[in-house]
Every structure is written in structure tokens, then in C-alpha cells.
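Below: the structure, in C-alpha cells.
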Ligand SMILES: [Zn+2]
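Chains as they are written, first to last, in my numbering: chain L, 39 to 419; chain Y, -16 to 127.
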């Protein structure tokens, strides 16, 4: 029998703001939902992989087990920027792939404050934010977008259309933070944060959690779980390869291209065979560059892709039908597994109003500052 | 009083480690050049980030001219940071890339031109740290 790995259970909580709850409580809720999704319990799990960024040194995985059952299994806590949840998922995948375990639980959870992320300056000297440019995430991703403008003439309006699309998609997703249409004039007319990213082109800071149960093929058959199982065709994780401007201007392109290439090779397929994509639209500018980084179109054609509606639900290659980070929300450590949940739900044909018809293969992508990128390719078993 | 209780006299420092303020001579931006692959990087390095060479990476002074590669106009920032300002990415002539503030141009995307030549100038800034140290920072200005 193959050593393929399957997602047999997955779920996420509705993203929102839960200041009265703790990170482990949020993680526990998604963990129990994912276990229920496949009819297993924590006593069936052989290991836990927990992704969380802001409490990275605080044993979130162990604290989740205190909420749902302290069975003594090994816990691995991961922190890897916005790829934190995807890294936890990948660790679980690797352990099963290596034959160490047959069934594991992967959880991503995060509680976000409000306000800007990033910024320059540390504990020494004086703060450099606003003195030596900006290190806030809206500005960093504004640079990413304007580099595309520089190369291909991509316009403010084209970037804004990404937000219109993803907010529209979220009206079909009851688990998204917002279900609200945002017409183009509203997106372009919203408060300018860092040109060309307006407030409605920045991802929403939310609290959230998502979880997945991973299983070897042998065990999935034994448990009778193959009916709704989704195969992990590829799992790729990269750090940023050297590029000359990398230190001054974080390079989210090279790191993504390398992860995409690795994943397509592992899966033995190309972007033309992918039916839906959840990619890292932390800012509207980011989504367009990732169309090209993930090979959905040729370099320079991303503007055309958004203009022609090819990445809308119903289009040639729907992107972020969940609403994306722009409207579903972006709880850093949960995002990677929430993407897996979304794609898995479509491959199972259970996505309701936002179902991508006939979806058989889906791709998830997250990339975090620093940089870390994870790409997973999933297929209906 | 023991010597340990005496604060050192305030000095002038660079706002970032690669802005060097020598006791004698002009402040400058420090870079490194790899003797193996020729890559010029910002900052003092022992090892080349591009090719991994562990020998022959030599300190160089970065040039004081460059070209605007990229920018954004920042309108919202942390409390106390004056906005709007232009966060710019500049390719330094001869190698290296810097992020900094572009001065002397309206913070209006229509008025900012990719590839415009700039001077890289080093100036004192009003901010001091809690020990009273003064700082120098680098800025970009259009070069006509
Ligand atoms: Zn080198």
C-alpha cells in the first residue's frame, strides 16, 4: 500500500474577535470540530502539531490538550511567520509519510490584536519607522505591488478589484469574518493606508482556529474514512533564496516561485490542472503577484486576469472563494490550516453556495515575512 | 561614586548599524563586496549571502548616488510617526539596495518616477534615545 497521506477530518471556527477567550480554547474548539468531522477522538491521535505565532514560546499545543484530553502524545509547536499553520500541517504530513505515525492532529490558532503589523526599529537606538522608510506590512506589500506596476503598468484599480472579488466571495461563506459586498468605488475611496493599499485592501485582523486530522492510507481504509478523504499530493516549504534586493525589500516572489515549483513537481502536475486556489491575499497587491508566482498566467498578465474575471467563482481558475484573508480574515497561525479546510471542503463537494463545480484538485499557499512559504496540493481521493 | 554608576557622555551614532560615524572623517554607509562572486551587499558581513563564500568578503563604502527602484506613499502609521511620507527602495550605484525616506518630492504617486536618479544624503535627525545620544540617518533626494 502507498504511503500517501490523507486529510480525513477538518474544520474551522467562524473567524471573529474573541477577546474573552484564550488561544488554547480557540484551538481546542477547532480540534474537536475536526475530530468530530471524521468521528475520531483525541485518544485515536498519535501526535499533535500546533501552529501559533504570537504565543510561540507558551506551549499552545500542550495547553490545547489540557482542554481536550491529556493523552501524553508528543506535541510539536511551530512558529513560521504566516506559514505557521501550514508548517504544523506539513510536520504532521511528514511524520506519517515517514511511517512514524498513522493518524495525527494538526491545529492552527491565533488571537490577533488590532492595528498595524510590522514596523522598523528594535530595542536598541531609536525607532526607524518613518525615518528610514516603512516596515509596516501594508507598506511592505505596497512595495510588492508597485514593483509589479513598475514592470507591467498594473493600476490602482486592478489591485482594488482583487478586494471587490474576495469580499464578494465572502458573502457566500458563513465562516468568514465579514459577509459584505464592497463595490470598486468603495474600495478605492477607502482610507489610503499605504499607496496603493487602501483600508479595504488590507487583510482583516481576526481571531481564529482551524484543524485537520491526517491519516495514512492504511489507517484511513481500516477506519472506513476513505469516502471523504482528500489526498495530500504535495507539500512544499521554502525560505527566501538570495536575491539582490531581498534585505531592503522582502522578496515574496522568489520564495513563492520556489515553493510552487517544488509542489508542482512533487504532485506531478501543473497549474493548468488545478481547479481552485486559496492564496495569501494579505493585501490586495499580493494576490496579483501570486497569480504569476503560482503560474496561473504568464508574467505580466495578472492585471488581465483580474480584469477578465478568470479568478472569480465561476471563472477559469477561482481564487480565494472563501473570501480570502481580505474578508474571511487572517489569524496568522490558523490561516494555513483554514486554507486546507476550504480546499478540502470543495474537493468533497460540500462547499454549498460557493462550491467550485467539479473541483478535483486544489492548491493552498501562504507566505510570511522573513520569509517562509508553504504550498500544498490536495486531491479528492 | 563607583565608575559603574557614571553614564557615558552622549555620542552621535548611526540610526542603523551600517551607517558608520567614524571619529574622524565623514559618516558613510558600509557595505561588503564578495571577492568570489562580486556581490555587493549592505552592511558589514563575514560571509557572502549570495554564494556562501567565507573568505574574501571585504568591507566597502557604498556610493552616495543611486536610482529609485520602487516606492510607496505611507498615509497611516504608528502614533507619533509623521505622515504622509515616501518609503523608497533605492538601488545604490555600484551595488546594494536601501530602503529609506525620499525627500524633496510631493508624496503623490503621480509625481514620483521610477528610476529617477537620487542622492543619498546623511543628516542628523531630531530624535534622541533615552541616554541622550544623537543620531544620523540617510535620506534620498532627487538628483537633477
Ligand atoms: Zn559571493
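For each residue, glycine too, the CB sits at the ideal point set by N, CA and C.
Beta carbon proximity, residue i to chain Y, threshold 8 Å
{"i": "residue 379 (chain L)", "result": "no"}
{"i": "residue 349 (chain L)", "result": "no"}
{"i": "residue 338 (chain L)", "result": "no"}
{"i": "residue 328 (chain L)", "result": "no"}
{"i": "residue 233 (chain L)", "result": "yes"}
{"i": "residue 283 (chain L)", "result": "yes"}
{"i": "residue 174 (chain L)", "result": "yes"}
{"i": "residue 387 (chain L)", "result": "no"}
{"i": "residue 195 (chain L)", "result": "no"}
{"i": "residue 155 (chain L)", "result": "no"}
{"i": "residue 229 (chain L)", "result": "yes"}
{"i": "residue 171 (chain L)", "result": "yes"}
{"i": "residue 102 (chain L)", "result": "no"}
{"i": "residue 166 (chain L)", "result": "yes"}
{"i": "residue 123 (chain L)", "result": "no"}
{"i": "residue 238 (chain L)", "result": "no"}
{"i": "residue 188 (chain L)", "result": "yes"}
{"i": "residue 368 (chain L)", "result": "no"}
{"i": "residue 324 (chain L)", "result": "no"}
{"i": "residue 163 (chain L)", "result": "yes"}
{"i": "residue 208 (chain L)", "result": "no"}
{"i": "residue 318 (chain L)", "result": "no"}
{"i": "residue 384 (chain L)", "result": "no"}
{"i": "residue 105 (chain L)", "result": "no"}
Ligand 1 heavy atom lying under 7 Å from the CB of residue i
{"i": "residue 29 (chain Y)", "result": "no"}
{"i": "residue 33 (chain Y)", "result": "yes"}
{"i": "residue 412 (chain L)", "result": "no"}
{"i": "residue 19 (chain Y)", "result": "yes"}
{"i": "residue 22 (chain Y)", "result": "yes"}
{"i": "residue 93 (chain Y)", "result": "no"}
{"i": "residue 286 (chain L)", "result": "no"}
{"i": "residue 180 (chain L)", "result": "no"}
{"i": "residue 301 (chain L)", "result": "no"}
{"i": "residue 36 (chain Y)", "result": "yes"}
Chain L contact for residue i (CB, 8 Å cutoff)
{"i": "residue 118 (chain Y)", "result": "yes"}
{"i": "residue 81 (chain Y)", "result": "yes"}
{"i": "residue -16 (chain Y)", "result": "Reliability fails at residue -16 (chain Y), whose pLDDT of 47 lies under 50, so the model's placement of it is uncertain and no value is given."}
{"i": "residue 125 (chain Y)", "result": "no"}
{"i": "residue -7 (chain Y)", "result": "no"}
{"i": "residue 16 (chain Y)", "result": "no"}
{"i": "residue 105 (chain Y)", "result": "no"}
{"i": "residue 47 (chain Y)", "result": "no"}
{"i": "residue -4 (chain Y)", "result": "yes"}
{"i": "residue 27 (chain Y)", "result": "no"}
{"i": "residue 65 (chain Y)", "result": "yes"}
{"i": "residue 53 (chain Y)", "result": "yes"}
Contact belief for residue i with residue j at Cβ below 8 Å, rounded distance in angstroms
{"i": "residue 248 (chain L)", "j": "residue 379 (chain L)", "result": "5 Å"}
{"i": "residue 81 (chain L)", "j": "residue 107 (chain L)", "result": "7 Å"}
{"i": "residue 156 (chain L)", "j": "residue 178 (chain L)", "result": "6 Å"}
{"i": "residue 401 (chain L)", "j": "residue 312 (chain L)", "result": "5 Å"}
{"i": "residue 250 (chain L)", "j": "residue 290 (chain L)", "result": "With a Cβ gap of about 25 Å, residue 250 (chain L) and residue 290 (chain L) do not count as contacting."}
{"i": "residue 42 (chain Y)", "j": "residue 105 (chain Y)", "result": "With 8 Å as the limit, residue 42 (chain Y) and residue 105 (chain Y) do not qualify as a contact, their Cβ atoms being about 17 Å apart."}
{"i": "residue 44 (chain L)", "j": "residue 260 (chain L)", "result": "About 12 Å; that fails the 8 Å criterion."}
> Does the region 402 to 414 of chain L touch the region 316 to 326 of chain L, meaning 3 or more C-beta pairs lie closer than 8 Å?
Replying inline: Yes: the two stretches touch, three or more of their Cβ pairs being nearer than 8 Å.
>> Please give me, in chain order, every unbroken run of the beta strand (DSSP E) with length at least 3 that falls completely inside the region 33 to 84 of chain Y.
In response: Listed in chain order, they are 40 to 44, 48 to 57, 68 to 75.
> For the region 50 to 94 of chain L, which segments carrying the alpha helix (DSSP H) assignment without a break, of at least 4 residues, lie completely within its bounds, in sequence order?
Replying inline: Counting whole runs of 4 or more residues, the region 50 to 94 of chain L contains the alpha helix (DSSP H) stretches 61 to 76.
> When the Cβ atoms of the region 142 to 150 of chain L are set against those of the region 370 to 385 of chain L, are three or more pairs found closer than 8 Å?
Replying inline: A contact exists between the region 142 to 150 of chain L and the region 370 to 385 of chain L.
> Counting pairs of Cβ atoms below 8 Å between the region 125 to 145 of chain L and the region 267 to 277 of chain L, do you hit three or more?
Replying inline: Contact holds: three or more Cβ-Cβ distances are below 8 Å.
> Is the region 294 to 303 of chain L close to the region 0 to 7 of chain Y, with three or more CB pairs under 8 Å?
Replying inline: Judged by Cβ distances under 8 Å, the region 294 to 303 of chain L makes no contact with the region 0 to 7 of chain Y, as fewer than three pairs qualify.
>> When you compare the region 66 to 73 of chain Y with the region 82 to 90 of chain Y, are there three or more beta-carbon pairs, one atom per stretch, that lie closer than 8 Å?
In response: Yes, the region 66 to 73 of chain Y touches the region 82 to 90 of chain Y.
> Does the pairing of the region 22 to 37 of chain Y with the region 76 to 87 of chain Y give three or more beta-carbon distances under 8 Å?
Replying inline: Verdict: yes, contact present.
>> Quick check for students: name the residue ranges of the alpha helix (DSSP H) that lie wholly in the region 188 to 242 of chain L, counting only runs of 4 or more.
In response: Listed in chain order, they are 194 to 208, 222 to 227.
>> What ranges does the beta strand (DSSP E) occupy inside the region 267 to 302 of chain L, keeping only unbroken runs of at least 3 residues that lie completely in it?
In response: DSSP runs (the beta strand (DSSP E)) wholly in the region 267 to 302 of chain L: 268 to 277.
> Which full runs of the beta strand (DSSP E) of 3+ residues lie inside the region 382 to 406 of chain L, going along the chain?
Replying inline: For the region 382 to 406 of chain L, whole beta strand (DSSP E) runs of length 3 or above, ordered along the chain, are 399 to 406.
>> Closer than 8 Å is the cut-off here; do at least three beta carbon pairs connect the region 163 to 176 of chain L with the region 48 to 64 of chain Y?
In response: As far as the Cβ criterion goes, the region 163 to 176 of chain L touches the region 48 to 64 of chain Y, which means the pair count is three or higher.
> Do the region 353 to 360 of chain L and the region 321 to 335 of chain L meet, that is, are 3 or more Cβ pairs less than 8 Å apart?
Replying inline: They touch, by the three-pair rule.
> In the region 101 to 179 of chain L, which residue ranges form an unbroken alpha helix (DSSP H) of at least 4 residues, counting only runs that do not cross its ends?
Replying inline: Within the region 101 to 179 of chain L, the runs of alpha helix (DSSP H) at least 4 residues long that lie entirely inside it are, in chain order, 122 to 135.
> Using 8 Å as the Cβ pair cut-off and three pairs as the minimum, do the region 112 to 123 of chain L and the region 211 to 225 of chain L touch?
Replying inline: The region 112 to 123 of chain L, when compared against the region 211 to 225 of chain L, does not touch it at the 8 Å Cβ threshold.
>> Contact between the region 97 to 111 of chain L and the region 274 to 289 of chain L is defined here as three or more beta-carbon pairs at a separation below 8 Å; is this criterion met?
In response: Taking 8 Å as the limit for Cβ pairs, the verdict is that the region 274 to 289 of chain L does not touch the region 97 to 111 of chain L.
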